[in-house]
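Asks:
In our numbering, the protein residues as written are 471 to 700.
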């Protein structure tokens, strides 16, 4: 990374940090929601499915504005969190929240498809032998859907790395605090002579995205073979 300047490297490092925490924080909820949508029947299931996938349909700026209204310092949730020292607006934590919300649908979809591919008879057989629901999930379902979980997490990470609209609307574009790769590219393109820096960051974005896709394929195949006993 020696060919990157200090400000460029700062944007790359912050993007990696934001994407990592956005993915890690969203993964447990993503597995739970994916399992609920794939296996459970309950009132409002279609509404939940619609809410989960809403960030894919709404303009990212709208999502960012809704986050600002909700988690801003004057928002209903943000004002309560501020009292205990948790602030999202115009902080890197807010960038992670925005990236997590925008990448959540991709994570849930990948995990849900992997759960739906598991034969329910395997889970039912374990349950008839006296296993609890939690133990059935841990011992039967989880190993089988692990490739989907990894693929969903890596895709979510790549999506979080490229999130722009919701991030810049919710937390602005503050160098060193909320300026991620996409917002840094945008900022460099707005100043004379910034095209070189923008192009270097574009190359970094392409390399990270392609690496994430290749890694998800490799890990998913290896784990699938191990689960199948090949």
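Where a beta carbon is used, it is the ideal one built from N, C-alpha and C, also for glycine.
This structure is a prediction, so every number in the text was calculated from the model and none was measured.
1) Is the CB-CB distance between residue 615 and residue 686 below 8 angstroms?
2) Give the secondary structure of residue 519 by DSSP, where H, G and I count as helix, E and B as strand, and everything else as coil.
3) Can you give me the Cβ contacts of residue 481 inside the same chain, cut-off strictly under 7 angstroms, excluding the 5 residues immediately before and after it?
4) Leaving out the 5 sequence neighbours to the left and right, which residues in its chain are closer than 6 angstroms to residue 700 when beta-carbon positions are compared?
5) Mark residue 570 as exposed unless 16 or more other C-beta atoms lie within 10 angstroms of its C-beta, in which case mark it buried.
6) State the start and end residues of the unbroken alpha helix (DSSP H) segment that holds residue 701.
7) Which of the three DSSP states is assigned to residue 647 in this structure?
8) Secondary structure at residue 471, three-state DSSP: helix, strand or coil?
9) Quick one: give me the first and last residue of the alpha helix (DSSP H) that residue 586 is part of.
10) So for residue 557, helix, strand or coil by DSSP?
Replies: Taking the definition as stated:
1) What you label residue 615 is simply residue 145 of the chain shown in a count that begins at 1. What you label residue 686 is simply residue 216 of the chain shown in a count that begins at 1. Their beta carbons are not under 8 angstroms apart, which means residue 615 does not touch residue 686 by this criterion.
2) For the purposes of this step, residue 519 is taken as residue 49 along the chain shown, with counting starting at 1. Reduced to three states, the DSSP call for residue 519 is helix.
3) In the chain shown, residue 481 corresponds to position 11, counting from 1. Only 649, 650, 651, 654, 671 meet the Cβ criterion.
4) Within the chain shown, numbered from 1, the residue matching residue 700 stands at position 230. Residue confidence is low: residue 700 scores 44 on pLDDT, short of 50, so the model does not pin down where it sits. No coordinate-derived value is stated.
5) Residue mapping note: residue 570 aligns to position 100 of the chain shown, counting from 1. A buried status is given to residue 570, since no fewer than 16 other beta-carbon atoms sit within 10 Å of its beta-carbon.
6) The chain is shown from 471 up to 700; residue 701 falls before or after that span and cannot be answered.
7) Start at 1 with the first residue of the chain shown, and residue 647 comes out as number 177. Of the three classes helix, strand and coil, the one that applies to residue 647 here is coil, per DSSP.
8) The sequence position of residue 471 within the chain shown is 1, counting from 1. With a pLDDT of 48 at residue 471, under the threshold of 50, the predicted position of this residue should be treated as unreliable, though the coordinate-derived value follows. Coil.
9) Position 116 of the chain shown, counting from 1, holds the residue named residue 586. Per DSSP, residue 586 belongs to the alpha helix (DSSP H) from 562-586.
10) Here residue 557 corresponds to residue number 87 of the chain shown, with the count starting at 1. When secondary structure is reduced to three states using DSSP, residue 557 falls in the coil class, being assigned neither helix nor strand.
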